[in-house]
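One structure is given below, encoded as structure tokens.
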Amino acid sequence: MSRSEYFATADDLAGRLWIPCGCGVSVSFMLHHDAKTAPGVRVEPSGRAVAVVANAFPLPAGPLDVGGSCPGATSECRNCYAAGLESWAPAFRRGASANLAGLRHLYGCGGVAAVASALVELVRLSERRQRVRGVARPAFRWHSDGDVFADWYARAIVRAVNATPDVEHWAYTRTLSAVAILKRARGLSLYVSADRANLLQAGRVAARHGVPVALLASDRADAAALWATLSASVPGAVSDRPTVCPAAGRWVNDGVDAPAHVVGADGRRASARRGAAGVGACIACRVCLPSGSGRPVTFLVHGGQARGSSGGRLGAAVTVRRRDVAVTL
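According to the working numbering, the sequence shown holds residues 8 to 336 in order.
Set out below in structure tokens:
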């Protein structure tokens with residue numbers, strides 16, 4: 008297959024869908040124009056990368072008790088990059104929160120079937136828009152923010168993935184109890200997300216279910232030490248030689264005049280330029296997608312701190328999320 012089959016050739020800046028519920032209410036969902044995962048981006052003259060096709064589904068970051076969707080959040084999640092997006096992008100933050108509220112509403116009215124039906128429509132919307140815009144092999148990311156917050160949601164994702172076999176789905180999860188459920192999905196490339204706080208627990212789950220690990224580390228030396236500990240402590244947890252996500256590794260400070268999470272329109276990092284079309288790093292790399300190698304992956308901590316009155320990016324996101332709630336009351 009050609010890498011270009013995954014690339015978009017035109018723009019689509021619409022990413023919202025209204026789903027009618029059996030109770031008579033229409034629920035709004037938002038797809039995320041995530042430049043890192045998108046099959047097409049524009050790199051503006053300022054250097055900002057803008058996705059031109061939405062192919063990711065976001066939920067709010069953080070533990071459930073602070074309005075998030077991450078029951079497996081650890082202390083390392085305090086500087087979650089997606090929480091950083093929430094803290095300074097109000098439309099994204101409110102859309103992610105609306106997605107979570109919409110899923111819960113549909114489940115309350117119609118159970119897993121209603122949730123799965125909505126998710127299928129969301130994936131199909133993204134698939135149609137990708138194909139219309141030149142993508143021969145559509146891909147979909149669960150989740151560009153947030154995580155699997157309940158078993159019933161995991162079961163709905165499985166139904167949605169199985170109902171859209173022509174789309175390549177991928178996901179990382181710290182919700183370890185959901186791994187056994189998500190593994191039932193055909194066409195889903197699943198990673199167990201680990202860091203120093205949950206390393207051995209996540210590794211045991213990964214080994215038990217034959218799922219690769221995606222490891223968060225502060226730098227290459229830290230990553231090497233954590234991988235060594237995991238390999239020695241949990242036989243089978245490290246299934247292959249880990250690779251470093253290029254967007255947080257070799258493409259950072261490589262001298263190319265474009266953000267590290269995008270490549271050129273031809274799929275090469277060297278051709279990325281400001282003021283030109285490009286492709287998201289995930290689509291160009293494809294290690295984590297079903298058609299990729301499926302190797303364990305290291306994600307090095309990257310990106311700047313988001314602003315906020317409480318510590319870390321997650322704290323900042325929670326602060327502004329609470330302000331949103333206060334305004335609506």
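Glycine included, each C-beta is placed from N, C-alpha and C at the ideal position.
7 Å CB neighbourhood of residue i in its chain, flanking five on each side removed
i           : result
residue 204 : 81, 82, 83
residue 71  : 78, 156
Distance, residue j Cα to residue i Cα
i           : j           : result
residue 313 : residue 91  : Confidence is the limiting factor: at residue 313 the pLDDT is only 37, short of 50, which leaves the residue's position unreliable and the question unanswerable from this model.
residue 225 : residue 255 : 11 Å
residue 176 : residue 298 : 10 Å
residue 75  : residue 96  : 16 Å
residue 159 : residue 54  : 41 Å
residue 296 : residue 52  : 30 Å
residue 192 : residue 170 : 10 Å
residue 31  : residue 143 : 37 Å
residue 138 : residue 265 : 26 Å
Identity of the residues DSSP links to residue i by a beta bridge
i           : result
residue 287 : 269
residue 23  : 37
residue 139 : DSSP output for residue 139 lists no bridge partner at all.
residue 177 : 148, 196
DSSP-derived helix/strand/coil call for residue i
i           : result
residue 67  : coil
residue 3   : The displayed coordinates of the chain run from 8 to 336. Any statement about residue 3 would go beyond what the structure contains.
residue 172 : coil
residue 197 : strand
residue 78  : coil
residue 310 : Since pLDDT at residue 310 reaches only 46, below the 50 mark, its modelled position is unreliable, and the value read off the structure follows with that caveat. Coil at residue 310, not helix or strand.
residue 241 : coil
residue 276 : helix
residue 154 : coil
residue 73  : helix
residue 113 : helix
residue 233 : helix
residue 220 : strand
Chain-order list of residues whose beta-carbon lies under 6 Å from that of residue i (same chain, five-residue window excluded)
i           : result
residue 209 : 199, 201
residue 155 : 161, 180, 182, 185
residue 213 : 199, 220, 244
residue 33  : 25, 27
residue 121 : 113
CA nearest to the CA of residue i, picked from the options
i           : options           : result
residue 257 : 268, 219, 232     : 268
residue 127 : 115, 110, 214     : 110
residue 99  : 113, 217, 139, 37 : 37
residue 112 : 195, 27, 282      : 27
residue 163 : 39, 239, 250, 114 : 114
residue 48  : 285, 305, 62      : 285
Own chain partners of residue i with C-beta closer than 8 Å, once the 5 adjacent residues on each side are dropped
i           : result
residue 288 : 43, 252, 253, 254, 258, 267, 268, 269, 270
residue 237 : 201, 206, 207, 210, 220, 222, 244, 245
residue 132 : 24, 38
residue 173 : 134, 145
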